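*Asks:* The listed protein sequences correspond, in order, to chains A and B.
So for the first sequence, the numbering used here puts the first residue at 191; every next one is plus one.
So for the second sequence, the numbering used here puts the first residue at 191; every next one is plus one.
Virtual Cβ for every residue (Gly too), placed ideally from N, Cα, C.
Owing to the predicted nature of the structure, the values given are computational and were not obtained by experimental measurement.
2 protein chains.
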Amino acid sequence: MNGNIVVGQSGGPTAVINSSLAGVVSKARELGVSKIYGMHHGIEGFLKDDLIDMSKYIKDDSDIEILKRTPSAFLGSCRYKLPKIEGNEEVYDKIFEILEKHDIECLFYIGGNDSMDTIKMLSDYAKLKNKPQRFMGVPKTIDNDLPITDHCPGYASAVKYIATSLKEVIRDNESFGAEKPTVTIVEIMGRNAGWLTAGAALAKGDDCHGCDLIYLPEKPFDMDDFMARVKKLSVEKHSVVIAVSEGIKVADGRYVCEIDAANVRIDAFGHKQMGGTASYLAQKVADATGLKTRAIELSTLQRAGTHLASLTDINEAFSVGYLACQAANDGKTGEMITIDVKSRNPYEVGYSIHDIHDIANVERPVPAEWISEDGTGIEEGYIQYARPLILGQLEPLYVNGLPKHLVLTDEDDAN
Amino acid sequence: MNGNIVVGQSGGPTAVINSSLAGVVSKARELGVSKIYGMHHGIEGFLKDDLIDMSKYIKDDSDIEILKRTPSAFLGSCRYKLPKIEGNEEVYDKIFEILEKHDIECLFYIGGNDSMDTIKMLSDYAKLKNKPQRFMGVPKTIDNDLPITDHCPGYASAVKYIATSLKEVIRDNESFGAEKPTVTIVEIMGRNAGWLTAGAALAKGDDCHGCDLIYLPEKPFDMDDFMARVKKLSVEKHSVVIAVSEGIKVADGRYVCEIDAANVRIDAFGHKQMGGTASYLAQKVADATGLKTRAIELSTLQRAGTHLASLTDINEAFSVGYLACQAANDGKTGEMITIDVKSRNPYEVGYSIHDIHDIANVERPVPAEWISEDGTGIEEGYIQYARPLILGQLEPLYVNGLPKHLVLTDEDDAN
């Protein structure tokens, strides 16, 4: 590679999105790339020519190691979807102008569906206008809903956090026994995709009863059936723990968190915010059963919990970044690195590159056969799929008793 | 010691309450105690003669190691306060009858204020009736409000969890920058004591801006001043993170979570439940500023997060259990083990025993000089107090990608 590179992070952060950044930077350093730029807050920042010189932060391998242990998007993220090319050429011309200004030969974008759409649009535009720059997608999403790739970096660490936290919450919930039966409802992210909530199933094992019920948004939520099941469980057991996806909906299509108008969270723009499903259901159970209930939302903790990241996930996140840079160096463009699982037991993994047009804007739901017939549990097929992904740990680097993170410190970058 | 012993766990669990159990059992094994019993669900279970034979679970040092890494109360807990002796002799006679039936010479109770009251009452009754049994208190509480002892086992691990999670949440909150400023309010346990919320101050360091505001229940909460500060902060910064104690109150004595009737959580017995402070404030900020807001309750996660326990805390929790057993063997009764900090830097710790009458039913608040004048921050004195307590980690024992726990498996015990 003769020119420079730029790498951006986009969408909701994950526990390992910085491992992918570390992968891109590591390969670029190996290749002797002259300038490695980071986009400050993704393509939105790039459009303002807001770039970060990575050499200020990554001087040696120990910086790479801290970067891998840093949660959230080191470079800052954005939620910005490029407009369609037709009629919006000025946006694209602006991007290529900035690329040319900094002699950038390859652009890498670490993200989910929207980010892969960005790579598709930019590579399409380059082809259309005979531009020499190359564009590579690096997969990332806790939602795990990108197609073609077996799974998405970021997903496994969120699942490891969810399953570990559930094991701890279940133990806590059991502590008071028959004298104080408690129903705890834990709300997990994922909007209309149940991948993350399915991860709750991994809590079950020799040392944990697991969740009593698990509800994914892929099947309609039946309130009467739910209440009947909770009542039955609370007679049989002193501790009931239920995992629900934030995006479960009743049969008429309404989100459960929107059934009660008083429960709906409206932002300043009048947009409904996701969340509140667990607290709504917990209050309903309390009213109907007289039991003590508790609602827990794992909120951003589940995507920021790098202290509990899966080593398998960290290594794969690093690899997809590293290999994207290698592929770009080999002349590839308009593609994304995919993870190919050759064997699940023993776990054996490989990587390919795939045309971005098959990936952008396609969402992959949880396979129907992995959700139990009655819609309240997860089948063994999922366990076999997900278990190898959460194996291994990367011990944080503790300073003053807390995990150390790498941060933007330069005054130009930190704002 | 010629007789047997029994040990119980009481009140809200902590991440290290099982380390204290491990300490008692370890010393009793060293002393060659014939039968080591556990109370199934504390004194409440003991009154039903519901005992656990610890030799079924602790066979060697590796079991002790897993017990130390197990969250919540291994034996099960309870919330039961012994009635006053006068007029309730039958309760006490029942307890001593069960002690005699099992040839129990010493009783250990691991808990907070109410549990130390239990030790006081039982040792008083023994003295009154010339009974030979001995009773020792083992301190435990995430609330850190027991007097005499420098701090309470369980507190530091909750603080380590809170500060680590806050560092991660703050990073996540910063990710979208100027285009999507967000105010996140994190709610921390502790009811009327601000010790846990003060722990939020430890998140701040070279790699973290820390919380922008921290509110403890020890000072009245001024809603207008709060709103003015948030508005000012949200102009100056893109990311605002605020820590609030669940028990903050406005000047007229109402809990903030009870100001809005619709927000109050009522259980089946008509009791108000703590919680909802953050969501109430987040909605208020959203309405007034138009900013995106988020409320996060750390809920039971903060007391069950053994995967992130402080090694200092684990070792001290083990020591107070171990030393309680040693003191009982030396003939002591009606006392609690206290932690004495001889030097904070370098950290140097010792242990004493102290008359339970000075401890039971006394609550220690956060010293006023550790709360900033304006009531929105924490002073350096607290940082120096708390920092050494969160140092060190005890890596979980991972099986199938998740921390392994020790559980009651025997059919007689598991119900």
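Are the CB atoms of N519(A) and L289(A) within a distance shorter than 8 Å?
*Replies:* Going by C-beta atoms, L289(A) is not nearer than 8 Å to N519(A).
*Asks:* Using the DSSP secondary-structure output, state which residues sit across from F325(B) in a beta bridge.
*Replies:* L297(B)
*Asks:* Enumerate, from N- to C-terminal direction, the unbroken alpha helix (DSSP H) stretches of 4 or more residues contained entirely within the segment 367–400 of chain B.
*Replies:* 385–388
*Asks:* Could you confirm whether any beta carbon from chain B is found closer than 8 Å to the beta carbon of C268(A)?
*Replies:* yes
*Asks:* Note down, in chain order, each residue of its chain lying with its Cβ closer than 8 Å to the Cβ of Q574(B), except the 5 sequence neighbours on either side.
*Replies:* R534 and N535
*Asks:* Just to confirm, is the Cβ distance from Y512(A) to S216(A) under 8 Å?
*Replies:* yes
*Asks:* Take every Cβ of the segment 317–334 of chain B, pair it with every Cβ of the segment 350–364 of chain B, and state whether three or more of those distances are shorter than 8 Å.
*Replies:* no
*Asks:* Would you mind sorting E377(B) into buried or exposed? The rule is 16 or more other CB atoms within 10 Å of its CB.
*Replies:* buried
*Asks:* Hey, quick one: how far does the alpha helix (DSSP H) through K310(B) stretch, first residue to last?
*Replies:* N303 to L318
*Asks:* Could you tell me the alpha carbon to alpha carbon distance between E436(A) and K594(B), rounded to whole angstroms?
*Replies:* 28 Å
*Asks:* Would you mind sorting G443(B) into buried or exposed? The rule is 16 or more other CB atoms within 10 Å of its CB.
*Replies:* exposed
*Asks:* Tell me which residue opens and which closes the alpha helix (DSSP H) that Y351(A) is part of.
*Replies:* Y345 to E364
*Asks:* Please name the residue or residues paired with E426(A) in a DSSP beta bridge.
*Replies:* Within the DSSP secondary-structure output, E426(A) pairs in no beta bridge.
*Asks:* From Q492(B) to I352(B), what distance separates their C-alpha atoms?
*Replies:* 6 Å
*Asks:* Which term fits S509(B), buried or exposed, when burial requires 16 or more other beta carbons within 10 angstroms of its beta carbon?
*Replies:* Label assigned to S509(B): buried.
*Asks:* Would you call K317(A) buried or exposed, if buried means 16 or more other Cβ atoms sit within 10 Å of its Cβ?
*Replies:* Of the other Cβ atoms in all chains shown, fewer than 16 fall within 10 Å of the Cβ of K317(A); this residue is therefore exposed.
*Asks:* From what residue to what residue does the beta strand (DSSP E) around T483(B) run?
*Replies:* K482 to E487
*Asks:* Quick check: the Cα distance between G213(B) and V196(B), rounded to an integer number of angstroms?
*Replies:* 13 Å
*Asks:* Might you give, ordered along the chain, the residues of its own chain that have their beta carbon closer than 6 Å to the beta carbon of N208(B), omitting 5 neighbours on each side?
*Replies:* L257, T260 and F264
*Asks:* Compute the Euclidean distance between the alpha carbons of G591(B) and T496(B), then round it to the nearest angstrom.
*Replies:* 15 Å
*Asks:* Assign K274(B) to one of two classes, buried (16 or more other C-beta atoms within 10 Å of its C-beta) or exposed (fewer than that).
*Replies:* exposed
*Asks:* List the residues of chain B whose Cβ lies closer than 9 Å to the Cβ of T490(A), in chain order.
*Replies:* Simply E358, V359, D362, N363, T374, R484 and I486.
*Asks:* Quick check: is the beta carbon of K370(A) nearer than 8 Å to any beta carbon in chain B?
*Replies:* yes
*Asks:* Can you name, in chain order, every residue of its own chain whose Cβ lies under 6 Å from the Cβ of A507(A), other than the five neighbours on each side?
*Replies:* V206, S209, S210 and P343
*Asks:* Our contact map puts C401(B) next to I449(B) with C-beta atoms below 8 Å; I'd like the distance itself, whole angstroms only.
*Replies:* Between I449(B) and C401(B) the Cβ distance is about 22 Å, and since that is not below 8 Å, they are no contact.
*Asks:* Hey, would you say the C-beta of F236(B) is under 7 Å away from at least one heavy atom of the ligand NAD?
*Replies:* The model on display carries no ligand, and the ligand NAD is accordingly not part of it.
*Asks:* Note down, in chain order, every chain A residue with its Cβ under 7 Å from the Cβ of P261(B).
*Replies:* Residues of chain A passing the Cβ test: E358, R361 and D362.
*Asks:* When DSSP labels each residue in this structure, what does A263(A) get in the three-state scheme?
*Replies:* coil
*Asks:* With a threshold of 8 Å, are at least 3 pairs of Cβ atoms found where one atom belongs to the segment 301–315 of chain A and the other to the segment 540–551 of chain A?
*Replies:* yes
*Asks:* Short check: CB of T502(A) to CB of L579(A), under 8 Å?
*Replies:* yes
*Asks:* At the 8 Å Cβ level, is V597(B) part of the contact set with chain A, yes or no?
*Replies:* Taking Cβ atoms only, chain A reaches closer than 8 Å to V597(B), which makes this a yes.
*Asks:* State the Cα-Cα distance for the pair L423(B) and Y405(B), rounded to the nearest angstrom.
*Replies:* Computed Cα separation, rounded: 16 Å.
*Asks:* Run down chain B in chain order and give the residues with a C-beta less than 7 Å from the C-beta of N590(A).
*Replies:* G395 and R577
*Asks:* Could you spell out where the beta strand (DSSP E) holding D530(B) opens and where it closes?
*Replies:* E525 to R534
*Asks:* Let's see if you can read the secondary structure: which residues bound the alpha helix (DSSP H) around S469(B)?
*Replies:* Its alpha helix (DSSP H) spans residues T467 to T479.
*Asks:* Where Q583(B) and E358(B) are concerned, what is the direct C-alpha to C-alpha distance, given to the nearest angstrom?
*Replies:* 18 Å
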